[in-house]
Amino acid sequence: YDDPPGLNEKTEYLLREWVNIYHSPTSGRDSTRGFSTFVQQMHQQGILRTDDLITRFFRLCTELCVDLTYRLLQESNISPSLLNPTLVRAKCFHTLDAFVRLITLLVKHSGDAANSVTKINLLNKVLGIVVGVLQQDHDQRQTEFHQMPYHRIFIMLFYELNAPEHVLESINFQTLTAFTNTYHILRPTKVPGFSFAWLELISYRSFISRMLLQTPQQKGWPMYAQLLIDLFKFLGPFLRNVELTKPMQVLYRGTLRLLLVLLHDFPEFLCDYHYGFCDVIPANCIQLRNLILSAFPRNMRLPDPFTPNLKVDMLQEINSAPRILTNFVAVMPANFRKDLDSYLKTRAPVTFLSDLRGNLQLSNEPGMKYNVALINSLVLYVGTQAIQYIYSKGGTPSMSTITHSSHMDIFQNLSVDLDTEGRYLFLNAIANQLRYPNSHTHYFSCTLLYLFAEANQEAIQEQITRVLLERLIVNRPHPWGLLITFIELIKNPNFKFWNHEFVHCAPEISKLFESVARSCM
Amino acid sequence: LGNDLTTLGLNLNSPDNLYHKFQSPFSKQPCRPQDIDFFVPSEYLTN
Amino acid sequence: PLGPVPLNKDNMYQQAMLEASWRHMPHPSDSERLRHYLPRNPCPTPAYYHQTPLPHHDSIDFYLRLSTETLFFIFYYMEATKAQYMAAKALKKQSWRFHTKYMMWFQRHEEPKTITDEYEQGTYIYFDYEKWGQRKKEGFTFEYRYLE
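Protein chains in written order, with the numbering used here: chain P, 734 to 1254; chain X, 560 to 606; chain U, 87 to 234.
Below, the structure written as structure tokens:
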């Protein structure tokens, strides 16, 4: 809006000048020589005089780059033979990469060397301007929107700002934060036409490396976890309904590839943030969730779950609590938390149990009745309190130490009092803790088996079996704790598993159980 | 039953990290060395 | 028992925008610096040609088995990539040394006649990237300050 008269022309002239300087051999390899003369020109044109003019200059440059890209793409659509995709891209990048280099140099040289604040402020400003142009373009062009110029600017700017140079290393964490904020603002639920480029950007190898490996004290982990949650939130409603359009399948498959890279290279990251991910992944996304729950620390050796007479409670790691870096109680309303704590301590107020289902229910809409995040939070909170309580009595979680406690009262109440939908979510919240050998896996494995053994209706036992089975019959990977629990269920005669009607409800189901049983025996 | 995750083009048994050569979430091919931008000594920028 | 949940208006919009952008997916080269000399130009080759890189193609042992000419090709045509870096490593392992003034690779042809702290002098083989061939140079002074 109301750019000073002539600013547009001035900017166009300066950008053209800079592109020539950037590509001329005399500018030196990192364009520094050319840059110092160009900054003089910017000064002469008064561009650097005020913050407002600098902002307008960057916005106009971005718009010029974007318009050029659309024009070239348009030309290539008209005469693909003349302008093949490779050539179009080379022409677009000819200007885009020059613009990125200009941004990089202005960020590097703004303020004196030690002053990182001016550098980061300028970076955030420029990123914000590109985001603004992108969002406006996306909203105006709708299905004609093209991600390419913005994808190029972000990925090349990220690459250049991560060059091994001292001035950049010294502001690297703030740079990562700036890009993470930018990508969060551009998350797929907000800018769906940018989703494929967005997944490329967060999957970019040097972005992964910086966020998950090179940044000290894992300070990049919570930021990267937030971006994955943004992705799961976008996919959620579509994955929930199972039928995916082809584009959604491509995005989902891309998500699986990224998660497989994380599972293979950074399993501890998935271990620490599994809770937040499971909160946003729909309960019926079995394989996606199994992939995350299958992660285990690289220095841990998992005993083969099918080892005969495996003594799980003898494993060294079974008594150590896993790290959970999500603030999972945040979702609990304060008074609910107060009553819960009071009940856990004193089994009062007695109404806590009878009110529990109502507290967890959101609506009467089938399939949407319950507050999933609250159920997940309640289950994990009660479980962790129970484990602490057992240890405080000098015991360790086992089929005998977990019973007859206010904690188990709550679980048994939920098991009996909830309807099918609610119990499914409740049992899922427990099954989501069945991971690698740790105290949570052990406690919740015992709890699930105990609820099976103590169930007063076969429907509950059937549902427990279903929850386990649906996680086992999907393609790999399968979490270690899930396998351990299921094997115990079908092997331990105390659970009389094979006597149940539902085990033989259909020939293929009995065959399936028998095949699993054979591989265990 | 989900996807067979061993067919997505990632060598899940690789002893090395995969992210080094992760080309794209939409590609089955890992990066080749000539695809990976590298901060080489500036003297190498002969062109 | 959750069953499907009908997509709301936002979801439908998101799905439509995703569909539109699916028609022009990002290209691998969008995430790579411009390759002036060897841009990606995929072209269909007969199925019996290698469609994927050879195993261990990105290991230094693989590069050490490449001919010197191939290493020079990679060095000069795949600039600022990991391939160039690997080629340089392989060349050095085969006692080539990069002269940062001529931007050419040199290898001693015989023991230098003179060796001082600043330079060595003698007969060398060098790779001339303009004429694209190895040449012998007698009486050449290799100043160490140009040694990379």
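By construction, the Cβ of each residue, glycine as well, lies at the ideal position given by its N, Cα and C atoms.
Inclusion of Arg990 of chain P and Pro584 of chain X in the CB contact set at 7 Å is warranted, their separation being smaller than that value.
Judged by pairs of C-beta atoms under 8 Å, the stretch 575 to 591 of chain X touches the stretch 920 to 934 of chain P, as three or more such pairs exist.
Of the candidates P:Val821, P:Val866, P:Thr910, P:Gly779, P:Thr910 places its Cα closest to the Cα of Ile853 of chain P. Looking at the DSSP output, Lys979 of chain P sits in no beta bridge, so it has no partner there. Here Phe213 of chain U is bridged, per DSSP, to U:Gln220.
About 5 Å separates the beta carbons of Val821 of chain P and Leu805 of chain P, which is inside the 8 Å limit, making them a contact pair. Secondary structure note for Gln1196 of chain P: its alpha helix (DSSP H) is the uninterrupted segment 1191 to 1205.
Between the beta-carbon of Gln907 of chain P and that of Ser814 of chain P there is about 47 Å, and that puts the pair past the 8 Å contact cut. Under DSSP, Tyr205 of chain U takes part in a beta bridge, and its partners are U:Glu229.
Contacts with chain U at 7 Å (Cβ-Cβ) include Ser583 of chain X. Contact check for Pro1038 of chain P against Ile1217 of chain P passes: the beta carbons are separated by less than 7 Å. The C-alpha of Pro1036 of chain P lies about 25 Å from the C-alpha of Cys1011 of chain P.
In this structure, DSSP gives Thr200 of chain U an extended state, which the three-state scheme calls strand. Considering only beta carbons, the part of the stretch 957 to 991 of chain P lying closer than 9 Å to chain U consists of Phe967, Pro970, Phe971, Arg973, Asn974, Val975, Glu976, Thr978, Lys979, Pro980, Met981, Val983, Leu984, in chain order. Taking all protein chains shown into account, Trp182 of chain U has 16 or more neighbouring C-beta atoms within 10 Å of its C-beta and is therefore buried. Contact of Asn572 of chain X with chain P is not assigned, every C-beta pair being separated by 7 Å or more. Annotated as distal: Lys178 of chain U and Ile595 of chain X, with beta-carbon spacing of 7 Å or more.
Excluding the 5 residues flanking it on each side, Val799 of chain P has same chain C-beta neighbours closer than 7 Å at Val866, Asp870, Pro882, in chain order. Here DSSP, grouped into helix, strand and coil, assigns Thr828 of chain P to helix. The stretch 1083 to 1100 of chain P and the stretch 1136 to 1155 of chain P touch, with three or more beta-carbon pairs separated by less than 8 Å. For Ala1239 of chain P and Lys1229 of chain P, the gap between their C-alpha atoms comes out near 19 Å.
Listed by position along chain P, the residues whose Cβ is nearer than 8 Å to that of Met111 of chain U are Phe929, Val983. Within chain X, Phe597, Val599 have C-beta atoms less than 7 Å from the C-beta of Tyr171 of chain U, given in sequence order. Taking 7 Å as the cut-off, the Cβ atoms of Ile918 of chain P and Val864 of chain P count as close. Approximately 27 Å separates the beta-carbon atoms of Pro1170 of chain P and Trp1231 of chain P; this is outside 8 Å, ruling out the contact. Between Phe184 of chain U and Glu234 of chain U, the C-beta spacing is below 7 Å.
Under the Cβ criterion of 7 Å, Arg885 of chain P is counted among the residues facing chain U.
By the neighbour-count criterion, in which a residue is buried when 16 or more other Cβ atoms sit within 10 angstroms of its Cβ, Ala1054 of chain P is exposed.
A straight line joining the alpha-carbon of Tyr149 of chain U with that of Gln947 of chain P spans about 28 Å. In terms of beta-carbon proximity, Ser145 of chain U stays away from the interface with chain P, with every pair separated by 7 Å or more.
The DSSP assignment places no complete run of the alpha helix (DSSP H) inside the stretch 980 to 1008 of chain P (cut-off: 4 residues). For Phe192 of chain U, the enclosing beta strand (DSSP E) starts and ends at 190 to 194. Comparing C-alpha distances from Gln207 of chain U to each of U:Trp191, U:Ser145, U:His143, U:Tyr230 shows the shortest one belongs to U:Tyr230. Under the DSSP assignment, Phe771 of chain P falls in the alpha helix (DSSP H) whose first and last residues are 765 to 777. Distance check between His579 of chain X and each of P:Ser936, P:Ile754, P:Gln875 places P:Ser936 closest, using alpha-carbon atoms only. At least 7 Å separates the CB of Ala1016 of chain P from every CB of chain X.
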